[in-house]
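Taken in order, the sequence shown gives residues 1 to 187; the numbers are from UniProt numbering.
A short worksheet on the structure shown next.
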Amino acid sequence: GTIALEALDCTVCYHPLRPPVFQCAVGHVICSSCHDKLKNKNKCHACATTGGYNRCIAIDHILESVQAPCSNSIYGCTVKTRYLERQEHEKSCALAPCFCPEAGCGFAGLTTQLLHHLTDDHNIPVTEFPSGWCLTLEIQQSMRVLHMKEEEGGPMFLAKFTPVLPFGNVVSILCVDPHAVPGERKF
1 GTIALEALDC TVCYHPLRPP VFQCAVGHVI CSSCHDKLKN KNKCHACATT GGYNRCIAID
61 HILESVQAPC SNSIYGCTVK TRYLERQEHE KSCALAPCFC PEAGCGFAGL TTQLLHHLTD
121 DHNIPVTEFP SGWCLTLEIQ QSMRVLHMKE EEGGPMFLAK FTPVLPFGNV VSILCVDPHA
181 VPGERKF
């Protein structure tokens, strides 16, 4: 059988439950973080039943045994992990999507798909370059895609040029990678 993963969310913060889980006498569950923040631990937050909360060992065991698909399965990831390890996998999933930065555009896809989307659908020019090379760019367009050509599916950058009269131009560089870590790559 299957379990709707939303059923394993805390009823207060709506984040995924993690042991230890607490439960009122009626059955409303709450994560330990929210339980610790309750002002009145003797009354259920949902139904006001008195008697407080008890540990719910059964839910703890369920959380430890349930297998869950990666949320990037819609982009092709076939990995299934223990529910409690799902977020850890998703932090480094090779099939995590990148989102189009253009206002009002809802495109989401792999980095290579986003590259084609930006150039084909938004007509943003692209400059390909090998990692470690210096670039000289002419400031003509308001935005340009910079792509490391030897890294298939690797990160790309968006360079945005904004005129600030009478001073010149402001150049903003954004790394477009679902797993980008600030300061990790230099170019």
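From the three backbone atoms N, C-alpha and C, an ideal C-beta is built for every residue, glycine too.
Same chain, Cβ closer than 7 Å to residue i, five either side skipped, listed in chain order
{"i": "Ser92", "result": "His179"}
{"i": "Ile30", "result": "Cys10, Thr11, Val12, Phe22, His45, Tyr53"}
{"i": "Phe129", "result": "Leu135, Leu146, Met148, Lys149"}
Exposed unless 16 or more other CB atoms sit within 10 angstroms - verdict on residue i
{"i": "His15", "result": "exposed"}
{"i": "Leu8", "result": "buried"}
{"i": "Ala159", "result": "buried"}
{"i": "Val145", "result": "buried"}
{"i": "Leu135", "result": "exposed"}
{"i": "Gln147", "result": "At residue 147 the sequence reads His, which differs from the Gln that was named. Classification for His147: buried."}
{"i": "Cys47", "result": "exposed"}
Distance between residue j and residue i (C-alpha atoms, nearest Å)
{"i": "Asn72", "j": "His35", "result": "31 Å"}
{"i": "Thr111", "j": "Lys149", "result": "12 Å"}
{"i": "Lys39", "j": "Cys24", "result": "15 Å"}
{"i": "Cys105", "j": "Asn42", "result": "48 Å"}
{"i": "Ser172", "j": "Ser32", "result": "42 Å"}
{"i": "His116", "j": "Leu5", "result": "33 Å"}
{"i": "residue 189", "j": "Thr78", "result": "Summary: the structure shown does not reach residue 189, with the chain confined to residues 1 through 187, and so no result is reported for it."}
{"i": "Thr70", "j": "Pro166", "result": "Per the sequence presented here, residue 70 reads as Cys, with Thr not at that position. Answer to the nearest angstrom: the Cα atoms are 50 Å apart."}
{"i": "Thr119", "j": "Ala94", "result": "22 Å"}
{"i": "Lys18", "j": "Thr50", "result": "In the sequence under discussion, the amino acid at residue 18 is Arg, which differs from the Lys named in the question. When rounded, the distance between both Cα atoms is 24 Å."}
{"i": "Ile59", "j": "Tyr75", "result": "30 Å"}
{"i": "Thr127", "j": "Glu138", "result": "11 Å"}
{"i": "His61", "j": "Ala68", "result": "15 Å"}
{"i": "Gln87", "j": "Val170", "result": "37 Å"}
{"i": "Trp133", "j": "Asp177", "result": "19 Å"}
{"i": "Glu64", "j": "Thr2", "result": "15 Å"}
{"i": "Ser131", "j": "Cys56", "result": "52 Å"}
{"i": "Lys37", "j": "Pro20", "result": "14 Å"}
{"i": "His122", "j": "Val66", "result": "42 Å"}
{"i": "Gly27", "j": "Val164", "result": "60 Å"}
Close-in-space but distant-in-sequence residues of the same chain around residue i (CB under 6 Å, 5 per side omitted)
{"i": "Phe187", "result": "Unreliable positioning characterises Phe187 in this predicted model, as indicated by a pLDDT of 42, which lies under 50. A coordinate reading is not provided."}
{"i": "Arg185", "result": "Reliability fails at Arg185, whose pLDDT of 48 lies under 50, so the model's placement of it is uncertain and no value is given."}
{"i": "Ala108", "result": "Pro97, Phe99"}
{"i": "Ile124", "result": "Leu118, Met143, Val145"}
{"i": "Leu114", "result": "Cys98"}
Closer than 8 Å: residue i CB and nearest the ligand COA heavy atom
{"i": "Val164", "result": "The model depicted lacks the ligand COA and carries no ligand whatsoever."}
Close Cβ partners of residue i (< 8 Å) along its chain, the five nearest in sequence each way excluded
{"i": "Ser142", "result": "Lys160, Phe161, Thr162"}
DSSP bridge partner residues for residue i (one or two, in chain order)
{"i": "Thr78", "result": "Paired residue(s): none; Thr78 is not in a bridge."}
{"i": "Ile30", "result": "Phe22"}
{"i": "Gln87", "result": "Beta-bridge pairing links Gln87 to no other residue."}
{"i": "Gly109", "result": "Cys98"}
{"i": "residue 190", "result": "Examination of residue 190 is not possible in this model, given that the chain is present from 1 through 187 alone."}
{"i": "Leu146", "result": "Thr127, Phe157"}
{"i": "Pro178", "result": "Paired residues: none, contrary to the question."}
Interface flag, residue i vs chain B, CB-CB below 9 Å
{"i": "Val170", "result": "Of the protein chains in the structure, only one exists, and it is not chain B."}
Inset, instruction - Assess, as a yes-or-no matter, whether the segment 98-113 is touched by the segment 77-90 under the definition of 3 or more beta carbon pairs within less than 8 Å. - result: no
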